[in-house]
Structure formats: structure tokens, C-alpha cells
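FYI, in our numbering the residues of the sequence shown are 434 to 782. Quick reminder that beta carbons are idealized off the backbone N, C-alpha and C, glycines included. It should be emphasised that the depicted structure is a prediction, and the values quoted were computed from it without experimental measurement. Everything on this sheet refers to the single structure shown next.
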Amino acid sequence: MKKGVLLVNLGTPDSQKTPDVRKYLREFLMDERVIDIPFYKRWPLVNLIIAPFRAPKSAKEYEKVWTEKGSPLLLYGIECKRLLQDKLGQDYAVALGMRYQSPSIESALFELRSQGVKEIVVLPLFPQYASATTGSVMQKVMELVKGWQIVPDVSFVQHYHRHPLFIKTFAELGNKYLREREYDHVLFSFHGLPQRQIVKAGIDTCCKAKGETECVNKMYGKNTFCYRSACFETADLIAKELKLEKTQYSVCFQSRLGKDPWIQPYTEDVIINIGKEGKKNVLAFSPAFVADCLETTVEVGEEYKEIFEENGGEHWQLVESLNDHPQWIDCLSDLVKGNESQVEELKTY
């Protein structure tokens, strides 16, 4: 009997047109784990303010990344599904779902159920655990399968931000550029989260007691699911592979929305400071994303490049994401199979 594998990424509009972007934003931002405020406040905020006014602007941004075949995030997802299926072989059935829009998680689960799988490994394509991403996927899957007559054995890969193959692949992609020219600084920009989402989870982290700026910035056992600490650890491990000293790289957080404090430091502030310090050449990573998308190609690749140049910078280079890199497919296979030497390491740090 086949073992099911469900790959899940965040999602993408069905097209780059404003109505489809508006539809996507509404579904995405109405998720109680994304904007974690009461429904009576969230509904008008999303449906009457954010989605109507942000959709036209976002649609123009999506135009920049859209290809003849569609969204790159979806296309890379489809290719990863195909390559992982080939890698795992006929004893596995691999499906792809998006948390928001198409293909839906429900359709992907139906695809697996139609193949008679009684066991499913859910692999969210988010390396660092966060309630708004991996947590949301887990909740959605459980809501859907609980209504099946035969409930499958479901397991989740909750995080893999320090998996050796994940780290090594990002480092290899960065080394390609480091061999071509000398860089003054390396920037690791991760997607941000409201600070309250870490605090309210009850995670044993300095954010709760002492404030954001005094976070230990590393994993030490009790804060296993602290998103901010996981991001710092990912950056430190990639930097180690690149043989960088602490002074040669910075970690920061992008995509802030609203007025509430988000986890810091903010990417815009770090870039301005780097420029003022006289750094002329910067290599930028975005290791919270495993596929290139709006947040990598446009936000990091273009918008932050402009900020850097406005503050004295000369050369800004974005390192592409893992996309369909063969070693990334090996990493996914390793996570699915539960390789003892590496997956156990993820559970015990």
C-alpha cells in the first residue's frame, strides 16, 4: 500500500489580475492564524480596508513575476511534486496543495485518498515553524481528514530549518555569487511576524520577559518553536557553510504589515544602516522561502535593492531560492522517509 505525501505551500492568486488577487488576499488574511484578532475586527479590516485597497497595488507586483505558464511559486511546486515522486518511487503517492486558493489542500487530500493511502506525511514548505504558516496548514489538514470514514495515520514535518541538505543547498547557491565577486556584506532577510504571535504562544524566549532586542537569537531547547530564533539559527548555519564571520552578515525581517510591532530588526532599517556604513556590495538571501515568489523576486530583489542604492550602495545581488534544485529534492525525500541520522537531530536540539 502506498504512503501518501502532501506538499503544501502558502498559495498564489489564480491570475495576476486584480479580482483574483483580491480574492486571494481575502482568503489569506481572513485566516485567524495570520491576522490573529477577533473575527468581528478581522472581517472589516480585511474585506473593507486591506483587500480592496491593496489588491490593485499587489496585482501590479504580481505582473512582475508572472510567467506565460503562471505563478512561479505554483510552477516550482508542481515541478517539486514531480521530481519528488520520481525520487521516492512507486511506493509513494505525492500530491501538492496550497493553503490558500488552488490547488487546494482538500483537492490534494482527495487525490491521495483516491489512491488508497492509509498513511500521509504532511510536509509544509516552510522551513521555520510559525503558527501563521505551518500551524495553519496543520489545522486545515486535521479539519479536513476528521470527516473521513477511514481517518488516515497523519504525521507532520513541523520544521527543518537546520536540516543539513537545506542549509547546504542555500550555501551552494550563495557560493556561486561569492566566487564571481567580492561582497562587503551578506544579508539574511526572513519573512516577519507580529511580535505578539511569538509571545502569546508561551514560548520560553527572551521576547516575553525582556523585549525583542535582548533575544538570545539561537535555539537552546526550550524555545524549539520560536520562529525568530529558528531564523537566526538558519542564517548562522548558512553563514558557517560560507565561512563568514559574525561581522560579515546580518539577520533581519521583512514584509511588515500594520502598526503593531513585528519581530526585529526590520530589513529596511538594516539596509539603510549598511549603506551608511559604506558597504557597496551586498549579497542577499531570503531563506524563509523555498521557492521564488513576490517576496523574494520583487521585495528583496527589487524594492530593497532600491533602498540600498538610495543609501550609497552600488551592487545588490539576490540569491535565488531552492526552487527545483536536485539537492532540495533530496532534502524533501529525506524528510519524508525520516532518515534517522538527520531527522532525529531535528527533534532533539
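Residues that DSSP places opposite residue i in a beta bridge
i, result
"S683", "L620"
"H592", "BP columns for H592 are empty, so no partner."
"Q628", "Answer is none; Q628 lacks a bridge partner."
"N744", "The partner list for N744 (beta bridge, DSSP) is empty, contrary to what the question assumes."
"L462", "Per DSSP, none; premise fails for L462."
"A788", "Residue 788 lies beyond the residue range present for the chain, which begins at 434 and ends at 782; the question has no answer from this structure."
"T500", "G503"
"I553", "G437, V587"
"N756", "None; N756 has no bridge partner."
"Y525", "K436"
"A604", "For A604, which the question treats as bridged, DSSP gives no partner whatsoever."
"M531", "N442, S537"
"N714", "H748"
"Y699", "F686"
Residue i versus residue j - alpha carbon distance
i, j, result
"S564", "T680", "31 Å"
"L507", "Q449", "13 Å"
"Q630", "E701", "21 Å"
"V733", "L716", "11 Å"
"D757", "L521", "15 Å"
"T567", "P557", "6 Å"
"G708", "Y699", "15 Å"
"I740", "I705", "7 Å"
"V441", "L529", "6 Å"
"S719", "R689", "15 Å"
"I583", "G444", "28 Å"
"P489", "E496", "11 Å"
"A672", "M463", "36 Å"
"C726", "W581", "34 Å"
"S535", "Q572", "18 Å"
"M531", "T730", "20 Å"
"E576", "I538", "11 Å"
"G437", "H624", "29 Å"
"V619", "Y682", "5 Å"
"D617", "P477", "46 Å"
"K502", "E710", "42 Å"
"D669", "T657", "16 Å"
"I511", "I470", "33 Å"
"K770", "L626", "31 Å"
"E645", "F686", "The predicted model places E645 with a pLDDT of 46, which falls under 50 and marks its position as unreliable, so this point remains unresolved."
"Q697", "F621", "13 Å"
"K641", "V632", "No answer about K641 holds up, because its pLDDT of 49 lies below 50 and its placement is not dependable."
"L545", "Y509", "20 Å"
"E494", "L542", "31 Å"
"E728", "W499", "13 Å"
"T451", "E735", "21 Å"
"E613", "Y660", "33 Å"
"T667", "L677", "14 Å"
"P585", "E742", "53 Å"
Chain-order list of residues whose beta-carbon lies under 6 Å from that of residue i (same chain, five-residue window excluded)
i, result
"T602", "L755, H758, Q760, W761"
"V590", "L556, L768"
"Q518", "V527"
"Y737", "I704"
"E777", "With a pLDDT of 43 at E777, under the threshold of 50, the modelled position of this residue cannot be trusted, and the question is left open."
"K446", "A small correction: the amino acid at residue 446 is Pro; Lys does not occupy that position in the sequence shown. Taken in chain order, the residues that qualify are D453, V454, Y457."
"H748", "N714"
Assumed close pair residue i, residue j - CB separation to whole angstroms, cut-off 8 Å
i, j, result
"L439", "H596", "Actually they do not touch by this definition, with Cβ atoms about 18 Å apart."
"L795", "S491", "Nothing about residue 795 can be reported from this structure: the residues present for the chain run from 434 to 782 only."
"A604", "L675", "6 Å"
"V467", "S569", "7 Å"
"E615", "N744", "Not quite, the Cβ-Cβ distance comes to about 20 Å (not below 8 Å), so this is no contact."
"P694", "Q628", "5 Å"
"V703", "L606", "At roughly 21 Å, the Cβ-Cβ gap does not stay under 8 Å, so V703 and L606 are not in contact."
"K712", "G746", "7 Å"
"Y562", "A663", "7 Å"
Residues near residue i by beta carbon distance below 7 Å, same chain, minus five either side
i, result
"K643", "Per-residue confidence for K643 stands at a pLDDT of 45, beneath the threshold of 50, marking its modelled position as unreliable; no derived number is given."
"F599", "P560, Y593, C764"
"V587", "I553, V555, V574, V578"
"Y533", "L443, G444, Y457, E460, F461"
"N608", "L675"
"S766", "L517, K520, L521"
Contact set for residue i: own chain, Cβ-Cβ below 8 Å, skip 5 residues either direction
i, result
"K435", "Q523, D524, Y525, A526, Q548, G549, V550"
"R481", "In the sequence as displayed, the identity of residue 481 is Leu instead of Arg. Cβ within range, chain order: n/a, list empty."
"E465", "F472, R475"
"R487", "L458"
"Y610", "Y616, L716, Q750, V752"
"V479", "L458, R459, L462, M463, I468"
"K514", "L440, V527, A528, L529"
"S540", "G530"
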